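Heads up: the structure comes next, in structure tokens.
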Amino acid sequence: MDPRDEQHLRRAIELSRQARSAGNQPFGSLLVRANGDMLAEDVNTEITENDITAHPELKLARWAGANLSAVEANSSTLYTSCEACAMCSGAIVISGLGRVVYALSAPQLYELKGGSAQKGVRGIAVLAEAEHEIQVDGPFLYDEAAAPQYGYWFPE
166 MDPRDEQHLR RAIELSRQAR SAGNQPFGSL LVRANGDMLA EDVNTEITEN
216 DITAHPELKL ARWAGANLSA VEANSSTLYT SCEACAMCSG AIVISGLGRV
266 VYALSAPQLY ELKGGSAQKG VRGIAVLAEA EHEIQVDGPF LYDEAAAPQY
316 GYWFPE
């Protein structure tokens, strides 16, 4: 992970804090051009929008599909506070994004939520099956990414 990746990943983690402060699940993401310019960012809004699909990764994949050419999408990077779920990973594949960088892995999140790290569908498994190559980097910045999760899923 280079310093630019670290900066963008820290922004995704900050967005996860914002989501939590707004009463939503603590997840945030941003989409960045190959030159480092931010294209769009979003937070989880499942609760406030009463929409189980309102994950930031899905919303940004939809944005990319509507606003970027195939070449632009493939050269862009999605930074996210947590490994994308299978639903969001499917959208990432369809949108043509070329790279994903995440902070918490799904097993790390499951453990923070009090579950087994062995359970759940890994979003990176979906990305690995894409027709186009998607570079996946993570997990990174565990302590920072875990902080917004503490006390959300279970009272501390």
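Yeah, the sequence shown ends on 321 if you go by the numbering used here, and it's all consecutive. Here a beta-carbon is modelled for each residue, glycine too, at the ideal position from N, C-alpha and C. Predicted model, so just to flag it, every value in this text is computed and none were measured.
Within its own chain, the residues whose Cβ lies closer than 7 Å to the Cβ of ALA177, once the five positions on either side in sequence are excluded, are GLY193, SER194, LEU195, TYR244, THR245, SER246 and ALA268, listed in chain order. DSSP links ASP302 through a beta bridge to VAL266.
As computed with DSSP, ALA311 is found in no beta bridge at all.
The region 166–175 makes contact with the region 303–312, as at least three CB pairs between them are under 8 Å.
Exclusion of the five residues before and after ARG185 leaves PRO191, PRO313 and TYR317 as the residues of its chain whose Cβ lies within less than 8 Å of its Cβ.
Contact between SER260 and GLY230 is confirmed by a C-beta separation of about 4 Å, below the 8 Å threshold.
A distance below 6 Å between beta-carbons, with the five flanking residues on each side excluded, links ARG182 to the following residues of its chain, in chain order: PRO313.
By the Cβ neighbour-count rule, ASN189 is buried, with 16 or more other Cβ atoms within 10 Å of its own.
Under DSSP, GLU206 takes part in a beta bridge, and its partners are LEU195. Residue burial annotation: ILE299 is buried, with at least 16 other C-beta atoms found within 10 angstroms of its C-beta.
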